[in-house]
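The structure appears below as structure tokens.
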Amino acid sequence: MGPHPAVAAIRLAVRRVLHDLLTEHHRTTAARPHAPSHEPPPPPLVLVACSGGADSMALASALAFESPKLGIRAGGVTVDHGLQPGSDLRAAEVVQRLRELGLDPVDSVAVTVGRAGGPEAAARDARYAALDTAAERHGAAAVLLGHTRDDQAETVLLGLARGSGIRSLSGMAAVSGADGRYRRPFLELDRQTARKACMVQSLPVWDDPHNADPAYTRSRLRHEGLPALEKALGKGVVEALARTARLSRDDADALDSWATQAEATVRDATGQLECAKLYALPPAVRRRVLRRAAVAAGAPAGSLFARHLEEVDRLITGWRGQGAINLPGKVVARRQGGRLVIRQG
């Protein structure tokens, strides 16, 4: 008799990701010259980011089960955000649980959460910085994240509410970060499957009270917004939103590729952007070119919103002699002699 269907589902999702990582590892090591007398390179190390919640504990259990069969080293890291009393004790408990699963190395990293962008964004930034540091310290090939299809649906709705365009609607990528460091095996699985897998394996889980706190936008969306949508539209909203993310990502990737190719064709011999050539581009491509130019000039990507690009775009499409446009990062865009100049100050 095989494992419970929920356990089988999480293990299969992780196995697929590990196979991809092994393929990449073999390709990389094969291309790297080494003397015959040298020891063969060690197997890759994969870390799981674990908060102790059902999603990440299910992910940790699947990684611990699958990695030995593939000859992959598996470890874990938990981040103590310090936002709740006793958070250090809970982090220590998570470390113990990961070690009991057989993961090694296992780290607990305490971070200081700032205020930039609001509490949720600040906590996320601190968490990813800690995960990056842990991955680099241990030389990990990848860090697995426990985001589920439900998380993806929430991300799409948050992007829709911001009106940030198709890239926001594409949600979270299955592979992201520097050199594809972050992998999300559970984006095709619902949250209930992960929780069920923990239950049948008798894995203790911790439910973060912040996930039920209406002070947080994602929490309100999870407990009020999505249930209201399902009540009004019927079941299947989460699946439809996740499908929207996949389709939007394909479209956004294609448009980004187009913009990359188009950028070289709209610059003059000195590298300046020519307004007439920009005007001839489709708006979706043109705005991507403008965004790339603004970021290259020093505008922080996370602070550059659709309204900023719309203002710059009007220098191309609605030119009436208007003045310079101030962008985040002290970047200024202005039209001069048929050229669009985007630079600091």
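Each residue of the sequence shown is one higher than the one before, counting from 1 in this note's numbering.
Heads up, the beta-carbon is just placed ideally off N, CA and C, and yes, glycines get one too.
- In the three-state reduction of the DSSP assignment, residue 274 falls in the strand class.
- DSSP, read as helix, strand or coil, puts residue 299 in coil.
- Beta-bridge partners of residue 333 (DSSP): 325, 342.
- Beta-bridge analysis with DSSP links residue 176 to 182.
- The secondary-structure analysis by DSSP pairs residue 142 across a beta bridge with 46.
- Separation of residue 214 and residue 121 (C-alpha to C-alpha, rounded to the nearest whole angstrom) is 16 angstroms.
- For residue 107, the three-state secondary structure derived from DSSP is strand.
- Checking the DSSP bridge columns, you'll see residue 267 partnered with 273.
- Taking a 10 Å sphere around the C-beta of residue 57, we find 16 or more other C-beta atoms and assign the residue as buried.
- Comparing alpha-carbon positions, the option among 228, 310, 339, 340 lying closest to residue 157 turns out to be 228.
- Burial state of residue 104 is exposed, judged by a 10 Å Cβ sphere holding fewer than 16 other Cβ atoms.
- The C-alpha of residue 326 is placed about 21 angstroms away from the C-alpha of residue 271.
- In the DSSP assignment, residue 30 falls outside any beta strand (DSSP E) and within the unbroken alpha helix (DSSP H) covering 5-31.
- The three-state reading of DSSP puts residue 82 in coil, since its state is none of H, G, I, E or B.
- In the structure shown, residue 113 falls within a coil segment according to DSSP collapsed to helix, strand and coil.
- Check the Cα spacing between residue 185 and each of 251, 254, 154, 149: the tightest is with 149.
- Contact between residue 294 and residue 333 holds, with the beta-carbon distance rounding to 7 angstroms and staying under 8 angstroms.
- The alpha carbon of residue 17 has as its nearest neighbour, out of 315, 230, 188, the alpha carbon of 188.
- When C-beta atoms of the region 248-267 are compared with those of the region 163-182, three or more pairs fall below 8 angstroms, so the two segments count as touching.
- Between the region 67-86 and the region 100-114 there are three or more C-beta pairs closer than 8 angstroms, enough to call the two in contact.
- Where residue 94 is concerned, the enclosing alpha helix (DSSP H) starts and stops at 87-100.
- No Cβ-Cβ contact shorter than 9 angstroms links residue 78 with residue 59.
- Taking a C-beta distance under 9 angstroms as the contact criterion, residue 194 and residue 225 do not qualify as a contact pair.
- The C-beta separation of residue 49 from residue 143 comes to about 6 angstroms, placing the pair in contact by the 8 angstroms criterion.
- The bridge partners DSSP lists for residue 76 are 48, 106.
- One Cα belongs to residue 302, the other to residue 155, and the distance between them is close to 16 angstroms.
- Inter-residue distance for residue 253 and residue 11 is about 29 angstroms (C-alpha atoms, whole angstroms).
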